[in-house]
Amino acid sequence: MKVRYLFGGGIHPSEQKISQDAPIEEMEVPERVVVPLSQHIGAPCEATVSPGDRVKKGDRVGQATGFVSVNVHAPISGVVKSIGLFPHPLGRPLPAVEIESDGEDTWTDRLKPHEDYMDLSPEELKEIIRDMGIVGMGGAAFPTHVKLSPPKEKTIDTFIINGAECEPYLTADHRLMLEEAESIIAGARIAMRSLGVDRGIIAIESNKPDAIEKMRGLTEDIPELEVVALRVRYPQGAEKQLIKTLLNREVPFSGGLPMDVGVIVQNVGTLSAIYKAIRFGLPLIERITTVTGSGVHTPKNLRARIGTPIEVLIEACGGFSTEVGKVIIGGPMMGVSQYSLEVPVVKGTSGILVQPLSEVEEGVDHPCIRCGSCIRACPALLMPTILAVFAQRDMFKEAERYDVVDCIECGCCDYVCPARIPLVQLLRYAKAEVLARRKKAA
Amino acid sequence: MDDRQFILSSSPHIHSGESTPRIMYSVVAALVPAMFMGVYLFGLRALWVILLSVAAGLATEAGAQRVMGRKVTISDGSAVVTGILLALNLPPTVPWWLVVVGSAIAIVVGKQIYGGLGYNPFNPALVARVILLISFPVQMTTWVKPSPLFSGAADAVTTATPLGAMKTYLMVKGTLQGFIMGELWNPFIGNIGGCIGETSVIALLIGAGFLLYRGYISWHIPVTFIGMVFILSGLFWLINPDQYMSPFFHILTGGLMLGAFYMATDMVTSPVTTRGMMVFGAGCGAITIIIRIFGGYPEGVSYSILLMNAATPLIDRYMRPKTFGWKTVSSR
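These protein sequence lines are chains S and Z, in that order.
By numbering that gives the first Met the number 0, the letter at position 71 of the first sequence is numbered 70, and the numbering carries on one by one without gaps.
By numbering that gives the first Met the number 0, the letter at position 156 of the second sequence is numbered 155, and the numbering carries on one by one without gaps.
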């Protein structure tokens, strides 16, 4: 059974899942890691260690500040070398803790496993999730405990387990669903318990039939979990589009959240991390990252420690195979191109895409011929070409009236534009400006 | 490895490969059957008109862009499309200088004075056609019977277009009783008097099918345009068949097929939203019938499209799609 996609717009670029058959490979312990204090949306952490301190794997090195913030932990055992500004995937240097390995890779003795974790209260579960530094691992890195704490007046009736992985190239979630499906299901049940929800939908795009089969097999005897195969359509995995497809509910525009329509969505990687945090007391210090693209020798799915420079991951895949144009963290549709290979893997690093120079799209833009392709492709049902004109002329009031803040920056408009206008860049600019003005006015 | 330079740019990092020239040359390809039929029906003269119109269009565009200090962009194919469309909208007997004047008007007055491709509010080829029609009414309305190539038929027997013949008949006799419409097969293959590219419905439909298949036009404008012409002319015909021709006659003759599939669908001058396109097409159809039935001209397709071009910004404003999540808010 295939579910029709109900959201408007969207595109179907070449899927390029070239690494889907590569089993998850454990990386060697890196000699040195750079652990950014800001790996999530929200307030950055405060460092709790000083240069010269000895740390063990799993020790806290950054303390959450405020509710929308999570801890960060040492991914290796060793010595804190420095605390300072280091390259960050977001594109500018940000505060981070640099740790040099002692080669031992010894765990901290403070791990607190829970055998009968389903006896813990929702509050206790959320507390652990926060302490263990769990954030959304699909890319946005929003603190998970916040998402699991909707205000009382919001009734949540459905929990969605997001295994759509609709970005081309990326296969980290796919491999996780094949190799560690049990941890995802256990994590989902923990999240559902902490939310008090008894309906869960596991959503997977139909280009991953093996993952669908695996999940169906494991959930046969779990009446509250249902597996749904989705038609392949980008951005099917975007929260709002996923909810629309599965439940035909639309998250309200202009700042609405899934909880407004009674839904919480979590990525499969996040749920696996939740399970490990609750059951074994393991903080989030590693993740699966797809290293892919025709610019690397052997595309792989690596289990890498947070803080490992991406250069080390690329080396683990045999290095560059040709003259490189772009190194992108994330997928080709929403990923961020990087200026340095010093940039570390962070909690939200789902993939590293190496694009050869020959595949880089040149940015020559022509005048808009008003073909309307961008409007038909926009899953937020906006008019990107009109918004781009407003952005170019700093007409922010008009951009606001045309709902620029509802742009999800998925890139569909840009992808289809025959004039190659940098629509996402322009809309992002107008969106940031409108949001800044709203903040100022408030 | 540290001194390596990488390209930085905003996402997305892949592209569909679609481009403006690709769209333009696809339209050219789609017009090949119509051009072929034009030359077949009206002789090599039609070929010279097409070639001259394209050449003059390209030369004017290059000249205008150079004078204005802009980048010369004649390779994007848009001037080629305009040149071909203008030629297809001219009678086969048109003098050569009129082709050159028309093509120059299309490029300069129709497009470049507004800022070039993408900024013109009106369809450039139609602007030129209408200016020529007003300025040179005789040359622009002298029609000949098709004399297919190699058929050995004598050249240049003047005739009237079916719509013109009908209008004259009605004016003279006050009724259509006795007006011989002829087989509808003739306009379907193109064996009637008219502009070079407008007579052969089958050739136009083949090209339109290609554009629809490639997604460069959508059904919304042509279907609502032709549908509206059919419905309105059908209503009049049902009321009084002595005064009004059948809807089949209306949709198969004149410039309707050329206009609905190739001119009204011009991306630059038609609405960008699908709902807007349907309003636009319906408006074109209504104006066409009003002109054909109540107006002084026998044919109204060009004027209807130009008038709706003028309404396009307004349509775009009112037919704006509702943002995702809008329903949820209004029902809260």
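Yeah, the Cβ is synthetic: ideal placement off N, Cα and C, and Gly gets one too.
Report the residues of the segment 109 to 123 of chain Z with a CB closer than 9 angstroms to any CB of chain S, ordered along the chain. Gly114, Gly115, Leu116, Gly117 and Tyr118
Considering only the alpha carbon of each residue, which of Asp402/S, Gly306/S and Leu422/S lies closest to Val28/S? Position 29 of the first sequence, counting from 1, holds the residue named residue 28/S. Ranking Asp402/S, Gly306/S and Leu422/S by Cα distance to Val28/S puts Gly306/S first.
Neighbourhood of Ile73/Z by C-beta, 6 angstroms cutoff - its chain only, sequence neighbours within 5 removed: Indexing the second sequence from 1 puts residue 73/Z at position 74. So the qualifying residues of the chain are Leu57, Glu60 and Ala61.
For Pro20/Z, I'd like the list of residues in its chain whose CB is within less than 6 angstroms of its CB, leaving aside the five on either flank, ordered along the chain. For the purposes of this step, residue 20/Z is taken as the residue at position 21 of the second sequence. Cβ neighbours of Pro20/Z beyond the five flanking positions: Asp75 and Gly76.
So does the segment 322 to 332 of chain S actually touch the segment 64 to 77 of chain S, counting three or more Cβ pairs closer than 8 angstroms? no
Distance between Pro343/S and Ser81/S (C-alpha atoms, nearest Å): What you label residue 81/S is simply residue 82 of the first sequence in a count that begins at 1. What you label residue 343/S is simply residue 344 of the first sequence in a count that begins at 1. Roughly 15 angstroms separates the two Cα atoms.
Under 8 angstroms, do Thr198/Z and Leu50/Z count as touching if we go by C-beta distance? Taking the second sequence and counting its residues from 1, the one referred to as residue 198/Z is at position 199. Taking the second sequence and counting its residues from 1, the one referred to as residue 50/Z is at position 51. No, these two residues do not count as a Cβ contact at 8 angstroms.
Other residues of its chain near Gly292/S: CB distance less than 6 angstroms, five sequence neighbours each side excluded: Here residue 292/S is taken as the residue at index 293 of the first sequence, counted from 1. The residues are Leu352, Val353 and Gln354.
Could you check whether the Cβ of Met394/S sits closer than 8 angstroms to any Cβ belonging to chain Z? Numbered from 1 along the first sequence, position 395 holds the residue referred to as residue 394/S. It does not: the Cβ of Met394/S has no partner Cβ on chain Z nearer than 8 angstroms.
Touch test, the segment 173 to 190 of chain S against the segment 17 to 25 of chain S, Cβ-Cβ under 8 angstroms, three pairs minimum: yes
For Cys316/S and Glu310/S, what's the separation of their Cα atoms in angstroms? Residue mapping note: residue 316/S aligns to position 317 of the first sequence, counting from 1. Residue mapping note: residue 310/S aligns to position 311 of the first sequence, counting from 1. Cα to Cα, Cys316/S sits roughly 10 angstroms from Glu310/S.
Kindly confirm or deny that the segment 240 to 256 of chain Z and the segment 174 to 189 of chain Z touch, where touching means at least three C-beta pairs closer than 8 angstroms. yes
Unbroken beta strand (DSSP E) run spanning Asn88/Z, endpoints: Position 89 of the second sequence, counted from the first residue, corresponds to residue 88/Z. Element bounds for Asn88/Z: n/a, residue is neither H nor E.
Run of the alpha helix (DSSP H) containing Lys172/Z, from where it starts to where it stops: If you number the second sequence from 1, residue 172/Z lands on position 173. Counting along the chain, the alpha helix (DSSP H) containing Lys172/Z begins and ends at Pro161 to Lys172.
Under a three-way DSSP split, which group does Lys151/S fall into? The sequence position of residue 151/S within the first sequence is 152, counting from 1. DSSP places Lys151/S in coil when its eight states are reduced to three.
Taking Pro94/Z as the reference, which of Ala45/Z, Thr81/Z and Ile216/Z has the closest Cα? Residue mapping note: residue 94/Z aligns to position 95 of the second sequence, counting from 1. Residue Ala45/Z is the option with its Cα nearest to Pro94/Z.
Whose C-beta lies closer than 8 angstroms to the C-beta of Ser330/Z among residues of the same chain, with five residues either side of it excluded? The residue labelled residue 330/Z in the question sits at position 331 within the second sequence. Note that Ser330/Z has pLDDT 46, beneath the 50 cutoff, so the model's placement of it is unreliable and the number below is only indicative. There are no such residues.
When burial is assigned at 16 or more other CB atoms within 10 Å of the CB, is Pro270/Z buried or exposed? As a working note, residue 270/Z is residue 271 in the second sequence. The residue is buried, with at least 16 neighbouring Cβ atoms inside 10 Å.
Who are Asn161/S's beta bridge partners in DSSP? In the first sequence, the residue the question calls residue 161/S occupies position 162. Answer by DSSP bridge pairing, in chain order: Ala202/S and Asn266/S.
State the Cα-Cα distance for the pair Ile288/Z and Met266/Z, rounded to the nearest angstrom. Counting from 1 along the second sequence, the entry for residue 288/Z is found at position 289. Counting from 1 along the second sequence, the entry for residue 266/Z is found at position 267. Roughly 23 angstroms separates the two Cα atoms.
Which of helix, strand or coil does DSSP assign to Val99/Z? Counting from one through the second sequence, the residue named residue 99/Z turns up at place 100. Residue state, collapsed to three classes: helix.
In chain order, what residues of the same chain have a beta carbon less than 8 angstroms from the beta carbon of Met0/Z, not counting five sequence neighbours either side? Translated into the one-based positions of the second sequence, residue 0/Z becomes position 1. For Met0/Z, the pLDDT reaches just 48, beneath the cut-off of 50, and the residue's location in the model is therefore unreliable, leaving the point undetermined.
Tell me the start and end of each unbroken alpha helix (DSSP H) in the segment 261 to 304 of chain Z that is at least 4 residues and wholly inside, in chain order. 273 to 293
Going by DSSP, what residue range makes up the beta strand (DSSP E) through Lys170/S? Indexing the first sequence from 1 puts residue 170/S at position 171. Looking at the sequence shown, residue 170/S is not Lys but Thr. Here Thr170/S belongs to no beta strand (DSSP E), and DSSP marks it neither H nor E.
Go ahead and label Tyr401/S buried or exposed: buried means 16 or more other beta carbons lie within 10 angstroms of its beta carbon, across all protein chains shown. As a working note, residue 401/S is residue 402 in the first sequence. Label assigned to Tyr401/S: buried.
To the nearest angstrom, how far is the alpha carbon of Ala127/Z from that of Ala103/Z? Numbered from its first residue, the second sequence carries residue 127/Z at position 128. Numbered from its first residue, the second sequence carries residue 103/Z at position 104. Roughly 8 angstroms between the two C-alpha positions.
Determine the burial state of His11/S: buried for a count of at least 16 other Cβ atoms within 10 Å of its Cβ, exposed for fewer. Translated into the one-based positions of the first sequence, residue 11/S becomes position 12. Classification of His11/S: exposed, given that the 10 Å Cβ count is below 16.
Near-chain Z residues of the segment 245 to 259 of chain S (beta-carbon distance less than 8 angstroms), N- to C-terminal order: Arg248, Glu249, Val250, Pro251, Phe252, Ser253, Gly255 and Asp259
DSSP puts Thr291/S in a beta bridge; with which residues? Numbered from 1 along the first sequence, position 292 holds the residue referred to as residue 291/S. DSSP output for Thr291/S lists Leu352/S as bridge partner(s).
At which residues does the beta strand (DSSP E) containing Ile328/S begin and terminate? Within the first sequence, residue 328/S is the residue found at index 329, counting from 1. Element bounds for Ile328/S: Val323 to Ile328.
Tell me, please, which residues DSSP counts as bridged to Trp142/Z. As a first step, residue 142/Z is located in the second sequence; it is residue number 143 there, counting from the start. Thr158/Z.
For the beta strand (DSSP E) containing Lys207/S, list its first residue and its last residue. Looking up residue 207/S in the first sequence gives position 208. Lys207/S -> no beta strand (DSSP E), and no H or E assigned at all.
Under 9 angstroms from the C-beta of Ile284/S: neighbouring residues of chain Z: Indexing the first sequence from 1 puts residue 284/S at position 285. In chain order: nothing, as chain Z lies at least about 26 angstroms away.
Smallest Cα separation from Asn122/Z: which of Ser10/Z, Ser301/Z and Gly37/Z? In the second sequence, counting from the first residue as 1, residue 122/Z sits at position 123. Residue Ser301/Z is the option with its Cα nearest to Asn122/Z.
Return no unless some Cβ of chain Z is closer than 8 angstroms to the Cβ of Gly398/S. By 1-based counting over the first sequence, the position of residue 398/S is 399. The amino acid occupying residue 398/S in the given sequence is Ala; Gly does not appear at that position. Ala398/S does not count as touching chain Z.
Ignoring anything shorter than 4 residues, give me the alpha helix (DSSP H) runs that lie fully in the segment 185 to 236 of chain Z, in order along the chain. 200 to 213
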